[in-house]
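Residue numbers (full-length UniProt numbering): 1 to 450.
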């Protein structure tokens with residue numbers, strides 16, 4: 001302990017946190033190792049105790065350490081952040097994936113066979129001009145009258161987030177994230193060394209109080225899902241979006257990123273929190289939910305300055321998105337038959353979620369189907385224990401605490417992807433969820449609204 005204390009240095013919370021992180025990265029502080037008590041470290045380094053407390057909070061928010069009240073603070077176990085996707089090594093029926101239904105992803109074979117094979121050379125524009133024209137119409141319909149709007153094509157939504165963060169932020173900068181949060185966004189922030197700041201989400205999306213608190217905490221960027229928020233399925237109402245625009249108007253240089261991941265599949269209207277005078281902003285629309293995760297392409301609309309900075313990170317011929325992929329995406333989204341298939345998929349996802357919500361409600365677990373590929377189900381018992389019981393019944397579910405920054409409610413939530421289940425399996429799963437909850441909470445509990 002003495003050597004560890006002497007090795008830690010810094011005059012500010014950020015410097016102390018960075019010093020401790022360096023010790024962890026070098027292996028000098030192993031997983032499970034106790035950090036010095038706040039008073040001891042403050043006296044040794046020569047700073048106020050509150051500075052050490054703030055440093056420990058930064059490390060905890062980044063997932064580097066775990067706090068246990070009077071039991072102290074310890075280096076967190078080395079583990080990869082949770083990721084989306086199916087579990088390839090399980091015999092259980094996987095309802096934790098968050099994936100679209102492969103049967104509903106349009107077949108690209110015809111579009112591939114009809115693509116023009118013109119070679120693209122170094123120095124040419126990074127965006128296919130025909131895709132740019134289509135994307136401009138798609139975006140401008142929802143962001144009319146923005147003279148500063150510029151388009152960038154990135155290798156998917158996560159690629160766009162990584163590039164936006166790398167350009168606008170430095171290590172330990174604070175980023176406002178929805179709580180509970182989309183796993184890929186949380187993973188991107190933590191791997192990048194940024195500090196996630198939780199913003200509460202209710203049935204109408206990000207809360208005004210949550211955004212205001214994050215701004216007061218000094219966030220330099222905010223990531224918002226305007227509809228089909230993952231994992232809750234919440235979508236912004238026009239009223240909530242207007243309230244958030246009013247709050248953000250006082251912070252025009254905070255980078256506001258909207259990840260409209262469900263776009264063409266959404267059953268809800270798009271309402272933006274980006275005000276007309278906001279200076280730093282981006283709207284990301286990936287095609288992966290409706291054309292498939294292997295279509296690694298996203299349209300990113302942004303202000304002129306942000307677009308120019310992104311362009312510097314998309315060098316012609318090296319880090320641009322393949323023009324062949326761009327032309328393939330355009331061929332698909334411009335095909336009326338494909339558009340009709342996407343619309344059918346959207347109806348299917350909503351109807352299957354509604355069927356499962358009704359089945360759960362009939363089992364005494366009130367559930368409302370909202371937008372998205374999954375349902376955010378409140379269970380009347382600790383969700384992780386319920387998930388363990390479901391495994392014994394042949395189901396692999398994802399407990400809500402994997403999505404959490406600070407929201408205690410998620411400890412009694414399961415995110416469940418059920419759109420590919422038959423009617424029989426939906427009824428069986430609903431019965432198994434109810435039985436699993438009873439098994440770990442034998443005493444009757446009062447029902448709560450979903």
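Built from N, CA and C at the ideal position, the CB exists for glycine as well.
Buried or exposed by the 16-neighbour rule on C-beta atoms within 10 Å, applied to residue i
{"i": "residue 434", "result": "buried"}
{"i": "residue 99", "result": "buried"}
{"i": "residue 163", "result": "buried"}
{"i": "residue 531", "result": "Absent from the model: residue 531. The displayed extent of the chain is 1 to 450, so no value can be given."}
{"i": "residue 166", "result": "exposed"}
{"i": "residue 436", "result": "buried"}
{"i": "residue 432", "result": "buried"}
{"i": "residue 531", "result": "Look at the range of the chain in this structure, 1 to 450, and you will see that residue 531 is not part of it."}
{"i": "residue 269", "result": "exposed"}
{"i": "residue 447", "result": "With a pLDDT of 45 at residue 447, under the threshold of 50, the modelled position of that residue is not reliable, and no figure is offered here."}
{"i": "residue 216", "result": "exposed"}
{"i": "residue 90", "result": "exposed"}
{"i": "residue 230", "result": "buried"}
{"i": "residue 380", "result": "buried"}
{"i": "residue 353", "result": "buried"}
{"i": "residue 205", "result": "buried"}
{"i": "residue 161", "result": "buried"}
{"i": "residue 27", "result": "exposed"}
{"i": "residue 2", "result": "Since pLDDT at residue 2 reaches only 46, below the 50 mark, its modelled position is unreliable, and the value read off the structure follows with that caveat. Flag for residue 2 reads exposed."}
{"i": "residue 68", "result": "exposed"}
{"i": "residue 196", "result": "buried"}
{"i": "residue 459", "result": "A query on residue 459 cannot be resolved here, the shown segment of the chain reaching from 1 to 450 and no further."}
{"i": "residue 10", "result": "buried"}
{"i": "residue 402", "result": "buried"}
{"i": "residue 449", "result": "A caution first: residue 449 carries a pLDDT of 49, below 50, which makes its placement in the model unreliable, though a value can still be read off. Looking at its Cβ environment, which holds fewer than 16 other Cβ atoms inside 10 Å, residue 449 is exposed."}
{"i": "residue 367", "result": "buried"}
Residues bridged to residue i (per DSSP)
{"i": "residue 183", "result": "None, per the DSSP bridge assignment."}
{"i": "residue 413", "result": "378"}
{"i": "residue 195", "result": "174"}
{"i": "residue 257", "result": "223 and 282"}
Residue i, enclosing beta strand (DSSP E) - first and last residue
{"i": "residue 451", "result": "Nothing can be reported for residue 451: it is not among the residues displayed for the chain, which extend from 1 to 450."}
{"i": "residue 222", "result": "221 to 224"}
{"i": "residue 299", "result": "298 to 302"}
{"i": "residue 282", "result": "281 to 286"}
{"i": "residue 67", "result": "65 to 67"}
{"i": "residue 370", "result": "From DSSP, residue 370 is part of no beta strand (DSSP E); its letter is neither H nor E."}
{"i": "residue 75", "result": "73 to 75"}
Beta-carbon proximity check, residue i vs residue j, cutoff 8 Å
{"i": "residue 441", "j": "residue 96", "result": "no"}
{"i": "residue 297", "j": "residue 210", "result": "no"}
{"i": "residue 327", "j": "residue 267", "result": "no"}
{"i": "residue 158", "j": "residue 188", "result": "yes"}
{"i": "residue 52", "j": "residue 41", "result": "yes"}
{"i": "residue 223", "j": "residue 247", "result": "no"}
{"i": "residue 387", "j": "residue 414", "result": "yes"}
{"i": "residue 179", "j": "residue 199", "result": "yes"}
{"i": "residue 265", "j": "residue 111", "result": "no"}
{"i": "residue 8", "j": "residue 24", "result": "no"}
{"i": "residue 260", "j": "residue 227", "result": "yes"}
{"i": "residue 458", "j": "residue 256", "result": "In the structure as shown, the chain begins at 1 and stops at 450. Residue 458 is therefore absent and cannot be evaluated."}
{"i": "residue 291", "j": "residue 105", "result": "yes"}
{"i": "residue 168", "j": "residue 221", "result": "yes"}
{"i": "residue 29", "j": "residue 73", "result": "no"}
{"i": "residue 357", "j": "residue 375", "result": "yes"}
{"i": "residue 370", "j": "residue 213", "result": "no"}
Run of the alpha helix (DSSP H) containing residue i, from where it starts to where it stops
{"i": "residue 353", "result": "336 to 362"}
{"i": "residue 418", "result": "It is not in any alpha helix (DSSP H) - residue 418 carries neither H nor E in the DSSP assignment."}
{"i": "residue 140", "result": "129 to 140"}
Would you say the segment 179 to 187 touches the segment 14 to 27, given that touching needs at least three Cβ pairs under 8 Å?
no
Does the segment 406 to 421 come close enough to the segment 99 to 110 to have 3 or more Cβ pairs within less than 8 Å?
yes
The segment 147 to 156 contacting the segment 304 to 311, beta-carbon criterion three pairs below 8 Å
yes
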